[in-house]
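See structure below.
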Amino acid sequence: RVPPVAAVLPEAVDEATRWAELSCRPECVDFLAGELLPWAAGLLPLSDDPAHTVIAGQSLGGLTAAYAAAAAPHRFGNALVQSGSFWWPVGPDAEWLTRALAGTPRLPVRFRLSFGTQEWVALPAARRLRDTLTALGYHDSSYREFNGGHDYLCWRTELADGLVELLGR
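Just so you know, the sequence shown maps onto residues -15 to 153 in my numbering.
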């Protein structure tokens, strides 16, 4: 149901690096789109068609996946976001990415967002992003809530389902 895929999985290293790197940083997108993908393409027969490229992440990684797709739609045509931290950052700039997307025209990106109904902190911001994407015309994108929480067990199933949805034939 999914064509052959190659996965490149950068490590968050540690908690401090995770918070520093996975927070809507242009440098992170530059690394992913400008260094990591070209490096992987030198080793594997990868498509450079953004429609066949998925960036995925969970939690802060999900926030970063959505941000990278919005910042580099010429590289990432699909964002598979699991429990994305769209509340980020805390404080007056909260939900920064949702507000940034609301101020842009529709991009050539498909978003696949999924959240557990037990993610009480994340759900309000997630639903606001969903509504923003709908208002902007992202009708080929999807949003799903499942009975679960912010954990790897739920993400395992959602990752597989998301790849089928975004890349399936």
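Backbone N, C-alpha and C fix where the C-beta goes; we use that ideal spot for every residue, glycine too.
Computed from a prediction, not measured in an experiment: that's the story for all the values here.
A direct Cα-to-Cα measurement between P(-6) and P29 gives close to 19 Å. According to DSSP, E129 shares a beta bridge with F99. Cβ contact annotation for A109 (same chain, cutoff 6 Å, sequence separation greater than five): F70, W71 and E79, in chain order.
For L150, the enclosing alpha helix (DSSP H) covers residues Y136 to L151. Distance from the CA of T118 to the CA of L27, rounded to the nearest whole angstrom, comes to 38 Å. Counting the other CB atoms within 10 Å of its CB gives L137 a total below 16, which places it among the exposed residues. With a beta-carbon spacing of about 5 Å, R(-15) and V148 fall inside the 8 Å limit used to define contacts. Linking L107 to V13 through their CA atoms gives a straight-line distance of about 25 Å.
In the three-state scheme derived from DSSP, where H, G and I count as helix and E and B as strand, L85 is classed as helix. For G41, the enclosing beta strand (DSSP E) covers residues V38 to Q42. G146 sits away from L91, with the two beta carbons spaced by 8 Å or more. Look at A110 here: in three-state DSSP terms it is helix. Taking C-beta atoms under 8 Å as the contact rule, L81 and A50 qualify, at a distance of about 6 Å. Where V65 is concerned, there is no enclosing alpha helix (DSSP H), although the beta strand (DSSP E) around it starts and stops at N62 to Q66. Annotation: T116 to R2 spans about 27 Å, alpha carbon to alpha carbon.
The DSSP-derived three-state label of R2 is helix. Residue burial is scored here from C-beta neighbours: W139 has at least 16 other C-beta atoms within 10 angstroms and is therefore classed as buried.
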